[in-house]
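Working notes for the structure below.
4 protein chains.
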Amino acid sequence: MRLSEADIQAELDRRRPGQSRMTSTRKETDTCKIYSGVSEGLSRLTTGTPIMISVPNTDQKAHDYNELSLAYRPSHADATYDMKYGGGGRSSARETIGRVASGAIAKKLLKEFWRTEVLAYVSQAHEVVLPEHLVDQESVTLEQIESNIVRCPDADYADKMIAAIDAARVTGDSVGGVVSCLVRNASRGLGSPVFDKLAALFAGALLSIPATMGFEFGSGFAGTRLTGSQHNDEFYLDRGRIRTRTNRSGGIQGGISNGEIINMRVAFKPTPTIGKKQHTVTRDKRETELTTHIRFDPCVAPRAVPIVEAMVALVFVDQLMSQYAQCYLLPINPQLQDPIQPPQTWKNGKVTQLS
Amino acid sequence: MRLSEADIQAELDRRRPGQSRMTSTRKETDTCKIYSGVSEGLSRLTTGTPIMISVPNTDQKAHDYNELSLAYRPSHADATYDMKYGGGGRSSARETIGRVASGAIAKKLLKEFWRTEVLAYVSQAHEVVLPEHLVDQESVTLEQIESNIVRCPDADYADKMIAAIDAARVTGDSVGGVVSCLVRNASRGLGSPVFDKLAALFAGALLSIPATMGFEFGSGFAGTRLTGSQHNDEFYLDRGRIRTRTNRSGGIQGGISNGEIINMRVAFKPTPTIGKKQHTVTRDKRETELTTHIRFDPCVAPRAVPIVEAMVALVFVDQLMSQYAQCYLLPINPQLQDPIQPPQTWKNGKVTQLS
Amino acid sequence: MRLSEADIQAELDRRRPGQSRMTSTRKETDTCKIYSGVSEGLSRLTTGTPIMISVPNTDQKAHDYNELSLAYRPSHADATYDMKYGGGGRSSARETIGRVASGAIAKKLLKEFWRTEVLAYVSQAHEVVLPEHLVDQESVTLEQIESNIVRCPDADYADKMIAAIDAARVTGDSVGGVVSCLVRNASRGLGSPVFDKLAALFAGALLSIPATMGFEFGSGFAGTRLTGSQHNDEFYLDRGRIRTRTNRSGGIQGGISNGEIINMRVAFKPTPTIGKKQHTVTRDKRETELTTHIRFDPCVAPRAVPIVEAMVALVFVDQLMSQYAQCYLLPINPQLQDPIQPPQTWKNGKVTQLS
Amino acid sequence: MRLSEADIQAELDRRRPGQSRMTSTRKETDTCKIYSGVSEGLSRLTTGTPIMISVPNTDQKAHDYNELSLAYRPSHADATYDMKYGGGGRSSARETIGRVASGAIAKKLLKEFWRTEVLAYVSQAHEVVLPEHLVDQESVTLEQIESNIVRCPDADYADKMIAAIDAARVTGDSVGGVVSCLVRNASRGLGSPVFDKLAALFAGALLSIPATMGFEFGSGFAGTRLTGSQHNDEFYLDRGRIRTRTNRSGGIQGGISNGEIINMRVAFKPTPTIGKKQHTVTRDKRETELTTHIRFDPCVAPRAVPIVEAMVALVFVDQLMSQYAQCYLLPINPQLQDPIQPPQTWKNGKVTQLS
């Protein structure tokens, strides 16, 4: 596959701080450089070697976090990291850069090889909830989502969300939110029984993102209030293909994708770093009050959008690989394979046929 | 550790069908037998060998599922399994027996070695939602939970839930529900940054249970509607120990347990197998109508209670093991260790000191 | 794939004790039964579900090992298991039944789908070393190997090996040996750089077999005495295909299979259980003398032949799966895939075309 | 643990090319820099965060390998890598820098916490074999090994080996060799039954090093020529501790370390890159002759010494971690653990007590 820094940078730019007033005003350019795994000539093809990408820090945080070495920030990872490791240095959300960078590669692979799209957007900020019927899952576009700073595909609700976030921001407070994610043209058959059910893998991957508090797919928690006859997705024939009339299963039945659009939602708590005075305790066990002056995101959901997409894409590619390994292990005469004659479809690093 | 069939059978009995009108009326005794890993004498100590437990089927299901070989049951795993493997035989929820059996061992280990308790209950059935303030997370007991057939610790709400489930059951329908789970006296420091955050591991494990549609911990999805200043858990000193005054973090901060009670909730969809007529498609692609006559659980939540506990306990023990491997790697002169002199605390298969 | 107990039993019969005077005279029928993963009708096709095979013990060993509970058998696992787990019960070589049973499935898959053969034989017993030139790696057959009780494909050397083993056996002693293993028509391209080099995976798998002391492939330890110009395998064109004139690389270059015959050798120490009097120490730390009267294999190599084949086949199938996952991830329109129309080649559980 | 670049650099210097005429004359300084995982102050303590170490290339290899893009080097990874990935760029032995750097940390940890030493040396070069009795495994030192450029602890045999290597080198040829490795004061009880036997893990790790062709431990292949009564290691009491009089088991019985010195040997083939003319084939399938002019190691064994030590140390630390996770899971009241009061022994990043 062709791969260049530009492919990755586009996603990193969606994640970096300082892109709008919805995010921390810290200035990080987050410029990436590929060090291995891509050929050096004009073609820029992946070589099968691990791809090493470096994104150096430019904004010095050493100074800003000084006060925190004394007082634990409430609901932040300071205290638990300090207890476990004797120091809080590891809890920076900058680790999500790695997720976005590798997710960019996964998303490109999905799009070019299987025409599969992963697309996330903000569906709730504080108490502003985007009604589901305002988003057409079949047709919503990246452009619509990226058309506003809160990453909500509906312009009216985007304005309401921005207003809600601003209201908290100007008082030094923060709000929570929900990110929804779709996988369109998803391969059927992904996921495996028992422990590798597809939703289980998405849940595990998404709850590893900082500030997440919940995950649901399809009808989710709301679906628990229905009866089976209301909830079941009836099958029908769509030009010879077996499909479901409704999609309360969220594209996953029995842990395996059924070819319908996969949809899921992730809950993000209000950013724990706020500008308001809070009670807390110091490392040396004195009760104290804390007012932080560092820059923070008033709502993490807009910046979390590319991170959610990245984790979903990575899980999806992993499961495609498992699928080929377990279920598409078709007999090939391996002796026919020859170094300088890769399968026709791969010639020039380009897939020539997608039926 | 001492271990006998009785330890495991107690949990299996909570899971098996036919225990009440809340569950399928299929008759399975689900009797377990330990084949390896436990010494044979009176002491019944685990030997360090893998523990093999067998629970044979007694109720013939071959006959009941005959009709299903023709028409896919809506929202069931029939269709996706058939597509992936060419047959639906693997989708039986009987695989959860293995979860419950191994979870019984994990729960016993947690209780005996660390005094850690894992306790789940039904907090919602259909539209009956148990108010949080009616459950004291510090003191709720297994006995309270097991005192009624719906496994809700509040007697009044248990009655309401039973009524709601019965109302669906008599019409051949089913309802969804929510199972809440607590970990009390949870070790601090469990879970690891980036991909092994504790809630991520719980989410992945719990979403692998059949019929699950969502997971949340602490404030969960509701917490997204708060501001940071409303949501943050302030620290204070409790007799010299750093604790939080509230527990919206659900006992997990930055992916690591902080010593407070861990709490989480799992959404279960309405049982897809129902007695009502539904439209569907057959394996050979004909549209048809399906009315199943097999026995089903009108709500899976009550039987899911021990399964949720099992998965949480298994994740918890795994993370304790990781914690010892990574963070308690204290220098020991290994040459002092001698075959016939295990550490004093382990003598007679019994822990003699728990400070 | 079609699979029945007969496929597995054939391999188990090669492993079981009591088959000849080369092996322990214990009587174990080692009869297998498949409990899951294979369809029940006449076709006996694998279903994609985990395959569970049970092989119950019939010979009571509890009695025989009684004395051993007191005195550690020299060079046996008694002492280390007792130190680690507080009991020696787990060290039985009966665990190799599981390797042989699963290896039987892997070998069948390799043969039917890729025409790949895994074949092992005894190439040394005590000081009797089968000269390499007496075995034609291209043409040696299972029948030749199975034609004598020591599993050496050359009749004369088989007789010499049997004589050497008998000489030790009648004095209550045992001898060591070497098992050689070939993979014929091996797929090119298996194995991965850095930690998953193909020989590394074989080495790890084979050294996990009880009584093994060494592993080598291709020129092995003898090759260290050559110069580069003597040792290198020159490339040439064989009807348009790139091959090597010699095969000191043992079919693996840079950790990746090159399509030549893969060959390797595994060293087995003399069986530690012998009938002669030995000095040792008891569990309660008294020095003592031990004379065991239990039945033992005078040389483990002949029975190890199917175990070596099994481990090699299992590694090979794993690597084929990895190869499909990483390198054969060809674009397929996943929506075209349909439940009741598996790829033509799989119809009737039989591969219809192998180009 | 305290950790600085100096700890790692010392090992990298033993591995880098250009250190003597035994190695390639390429000039690589291989200077390391730690980017994460170590605190920044004077103390330089590890923080529990992943440790990232960078060692940039300084010698341009792009030019040197130009010719190779056309003709496959015999017995090199060019051909198989090209076949698998469509390019040979990944086969550089420079990846072993990562092994040595991480192994340096593992060796330091083993030495400081458990007083365990990992020590390797060259025991054979071409046909010069160091007799075993000339090395006292209890007392041989790093200084003795490092006192000559071939890393053989016996001065006379070092001279013979150097002469043998020089003889090949001046004709543009190379030779093979064997590296022996010891683990002294090895913890008892490491390794686990079935697939994680300690020797299996060493074998898998060591055979992943480029140019390796074999592995043996204890009596190895030579032990196959003995009888059980000759080979068994009898137990005796050494001041109340159970030990073995001989050590043909190489410190590992039943896959578990028994507290004796662990010893093993790794075979390295003659360097495939040589200066002599060889027949080969080009990428575009023309037969041709190849004479390489690039700089190469006339024998890889001396430079492989720190790589072997690194892999052994990494496996050993992994197994210590597993041991704590599985067998030292002693009950601790986790609530007593407090962030600012780590166990006494860890204060100041220094272990204060080693009984």
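Chains as they are written, first to last, in my numbering: chain R, 5 to 359; chain Z, 5 to 359; chain P, 5 to 359; chain C, 5 to 359. Beta carbons: idealized from backbone N, C-alpha and C, even for Gly. As the structure is a prediction and not an experimental result, all values here were calculated from the model.
In the DSSP assignment, what residue or residues form a beta bridge with residue i?
i: Leu123 (chain Z); result: Z:Leu186
i: His283 (chain P); result: P:Glu293
i: Leu318 (chain Z); result: Its beta-bridge partners do not exist; DSSP assigns none.
i: Leu241 (chain C); result: C:Ile246
i: Glu220 (chain C); result: P:Gly218, C:Arg269
i: Ala129 (chain C); result: C:Val132, C:Gly181
i: Ser261 (chain C); result: C:Ile256
i: Leu49 (chain C); result: C:Arg6
Could one say the Cβ of residue i lies closer than 9 angstroms to chain Z's Cβ atoms, at least one of them?
i: Thr35 (chain P); result: no
i: His297 (chain R); result: no
i: Arg290 (chain P); result: no
i: Asp401 (chain R); result: Summary: the structure shown does not reach residue 401 (chain R), with chain R confined to residues 5 through 359, and so no result is reported for it.
i: Ser261 (chain R); result: yes
Going by the C-beta, is residue i closer than 8 angstroms to any heavy atom of the ligand FAD?
i: Glu142 (chain P); result: Ligands are entirely absent from the displayed structure, and the ligand FAD is therefore not among its contents.
Which term fits residue i, buried or exposed, when burial requires 16 or more other beta carbons within 10 angstroms of its beta carbon?
i: Ala314 (chain C); result: buried
i: Asn352 (chain R); result: Legend: pLDDT at Asn352 (chain R) = 34, less than 50; position of this residue unreliable, value from coordinates given subsequently. The residue in question, Asn352 (chain R), is exposed, as its Cβ has fewer than 16 Cβ neighbours within 10 Å.
i: Asn61 (chain P); result: exposed
i: Glu264 (chain P); result: buried
i: Asp301 (chain C); result: buried
i: His297 (chain P); result: exposed
i: Pro21 (chain P); result: buried
i: Ala10 (chain P); result: exposed
For residue i, would you say it is in contact with chain P, using Cβ-to-Cβ distances shorter than 9 angstroms as the test?
i: Thr53 (chain Z); result: yes
i: Val179 (chain C); result: yes
i: Pro135 (chain C); result: no
i: Pro310 (chain R); result: no
i: Phe320 (chain C); result: no
Closest to residue i by C-alpha separation, out of the options, would be which residue?
i: Phe225 (chain Z); options: R:Pro274, R:Lys289, R:Ser43, R:Ile260; result: R:Pro274
i: Ser8 (chain Z); options: Z:Gly22, Z:Arg20, Z:Arg48; result: Z:Arg48
i: Pro306 (chain Z); options: Z:Lys281, Z:Glu116, Z:Asn152; result: Z:Asn152
i: Leu324 (chain R); options: R:Cys303, R:Ile260, R:Asp177; result: R:Ile260
i: Leu202 (chain Z); options: R:Ala207, R:Val198, R:Ala97; result: R:Ala207
i: Ser96 (chain C); options: C:Val144, C:Ala215, C:Arg252, C:Ala329; result: C:Ala215
i: Thr35 (chain Z); options: Z:Val42, Z:Ala14, Z:Met26, Z:Ser43; result: Z:Ala14
i: His130 (chain R); options: R:Asn267, R:Tyr161, R:Lys37; result: R:Tyr161
i: Glu2 (chain R); options: R:Val154, R:Leu134, R:Leu123, R:Ala159; result: Nothing about residue 2 (chain R) can be reported from this structure: the residues present for chain R run from 5 to 359 only.
i: Val132 (chain P); options: P:Leu194, P:Arg188, P:Val179; result: P:Val179
Which residue marks the beginning of the beta strand (DSSP E) containing residue i, and which one marks its end?
i: Arg245 (chain R); result: 245-248
i: Ser58 (chain R); result: 56-58
i: Ala271 (chain Z); result: 266-272
i: Lys37 (chain C); result: 37-40
Contact criterion: CB-CB distance below 9 angstroms. Does residue i meet it with respect to chain C?
i: Tyr422 (chain R); result: Given that chain R is displayed from residue 5 to residue 359, the structure contains no residue 422 (chain R) and the question cannot be resolved.
i: Pro274 (chain Z); result: no
Determine whether the Cβ of residue i lies closer than 9 angstroms to any Cβ atom of chain R.
i: Glu313 (chain Z); result: no
i: Gln330 (chain P); result: yes
i: Lys201 (chain Z); result: yes
For residue i, report the span of its alpha helix (DSSP H) as first-last.
i: Ile169 (chain C); result: 159-173
i: Arg103 (chain Z); result: 100-118
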